[in-house]
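Since the structure comes first, as structure tokens, the remarks are kept for the end.
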Amino acid sequence: LEGGAAPMSEAYPHLILNNFNTQLGRRVGNILKCLFPIPKPDTRRVITFANDDDHISFRHHVYNKEGHKEDDLTLYEVGPRFEMRLYQIKLGTLDMKDADNEYVLRPYMNTAGQKSDAVARG
């Protein structure tokens, strides 16, 4: 394409999962791995999922060997990039209406009643 963006590679990417160390993190990492087929060894496409304080960053790169050494690599970000946060994991398939929740984000728990009880007991 003249003057425009190059077409997106259709090669299956290598995956980098960074900082998915907890039990829930390993579960999310396994879910993400299952979304992508196994790449060929010579694929130069890399997708990174990096967990930082429960926010997952997605980055898409390609790399080129620039020199004669194996370590001489140049990494190019080709996009897209986005941030996401885990909201829910359901056990089962998408078409199951009554699937159990394995994980649900609950950021705003109402603990006002619990705090007043703790103060009254103390």
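Under the working numbering, the first residue of the sequence shown is numbered 2, with each subsequent residue one higher. A virtual CB, placed ideally from N, CA and C, is assigned to each residue, including glycine.
Query	Result
According to DSSP, is K91 helix, strand or coil?	strand
Let me know if F50 comes out buried or exposed under the rule of 16 or more other beta-carbons within 10 Å of its beta-carbon.	buried
Ends of the beta strand (DSSP E) at L18?	H15 to N19
Helix, strand or coil: which one does DSSP assign to G123?	Here G123 scores only 42 on pLDDT, less than 50, and its place in the model should not be relied on; the value that follows carries that caveat. If DSSP states are grouped into helix, strand and coil, G123 belongs with coil.
Is the beta carbon of T75 sitting closer than 8 Å to the one on E84?	no
Could you check whether Y13 and P42 sit closer than 8 Å to each other, using their CB atoms as the reference points?	no
For the putative contact between E78 and R60, defined by C-beta atoms under 8 Å, what is the C-beta separation to the nearest angstrom?	6 Å
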